[in-house]
Ligand code: PLP
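Numbering (UniProt numbering), first residue to last: 2 to 287.
Okay, here's the thing in structure tokens:
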């Protein structure tokens, strides 16, 4: 496969960066993941705007304009054959010649890396066949700027690994007794036909899929409120969904080994999954 590194498209096996890169030494960088569906970048404008906000949050000057980023993304998709891809982008504060905490002076150019790897369609595309996944809850031990899509993901990595070790697919994170989000997903809770999801804040990543779910609920007059969700509400929910760009909307059927609803993907999820996929197909057909 081909990747983009600092201005050039090259074979992935040829890509090299310096061990002095601040991404490597300090996790001093940000990333973005854009899903590609039928060869079409899905919600790319939203992802690129979030990329710019993340760069702003770290005071890294954006090395490309949004139209330039867009063209680089399209070219990378073309070079990797289109279809279903996960397009990954990372920007770090670059590689100065010495390791020192403050921003490098004189300034060095940021390191830009982009790759596109093929992915399979999520269970959202076949709701009747979906089985649902288990989740566990864990303390949210992350920093105070979870709205920045930083590559500093150690707490997320450890949480996800603990979930996997316990036979679960996701860790739902709890701060001060409240649900924040999953290790790599946003969380939705359904009770008595009403959908709830934690409000936008610096405690969560404002997921592009989360925003789309809110938009689609609005358009189809489905009741959704952004509100705080207590940990205890999880066990009593009718349905729980998690969302992300590469997994769309996934039903959670147990939390901490306790059955959610009937322990199978819920009816609201099934009907919403169809609407979600219909929308995706309508935007990504050509
Ligand atoms: N929350 C976290 C911590 C994430 O890492 C992600 C994505 O990977 C999400 C939420 C979902 O965001 P999006 O829907 O933009 O993929």
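Backbone N, C-alpha and C fix where the C-beta goes; we use that ideal spot for every residue, glycine too.
This structure is a prediction, so every number in the text was calculated from the model and none was measured.
- Screening all residues for a C-beta within a distance smaller than 5 angstroms of any heavy atom in ligand 1 leaves 182, 185, 187, 206, 208, 209, 210, 245, 246, in chain order.
- Counting along the chain, residue 152 sits inside no beta strand (DSSP E), nor does DSSP assign it H or E at all.
- Just measuring C-alpha positions, the residue of 52, 58, 103 sitting nearest residue 89 is 52.
- Where residue 119 is concerned, the enclosing beta strand (DSSP E) starts and stops at 112 to 119.
- For the set 123, 30, 133, 158, the Cα lying nearest the Cα of residue 246 is the one of 123.
- Around the C-beta of residue 248, 16 or more other C-beta atoms lie within 10 Å, and the residue is accordingly described as buried.
- Burial state of residue 115 is buried, judged by a 10 Å Cβ sphere holding 16 or more other Cβ atoms.
- The alpha carbon of residue 82 has as its nearest neighbour, out of 40, 266, 260, 21, the alpha carbon of 40.
- Secondary-structure assignment with DSSP links residue 4 through a beta bridge to 11.
- Between the alpha carbons of residue 166 and residue 132 lies a gap of roughly 19 angstroms.
- The criterion of a C-beta distance shorter than 8 angstroms is not satisfied by residue 63 and residue 31.
- Proximity to residue 257 across 135, 33, 60 peaks at 135, based on C-alpha coordinates.
- If you keep only unbroken alpha helix (DSSP H) runs of at least 4 residues inside the segment 54 to 85, you get 67 to 80.
- Beta bridge pairing from DSSP links residue 36 with 87.
- With fewer than three CB-CB distances shorter than 8 angstroms, the segment 251 to 267 does not count as touching the segment 198 to 217.
- In the displayed model, residue 219 falls within a helix according to three-state DSSP.
- According to the DSSP assignment, residue 270 belongs to the alpha helix (DSSP H) that extends over 268 to 284.
- Residue 28 and residue 153 have their alpha carbons spaced roughly 5 angstroms apart.
- Per DSSP, the continuous alpha helix (DSSP H) segment holding residue 24 begins and ends at 23 to 27.
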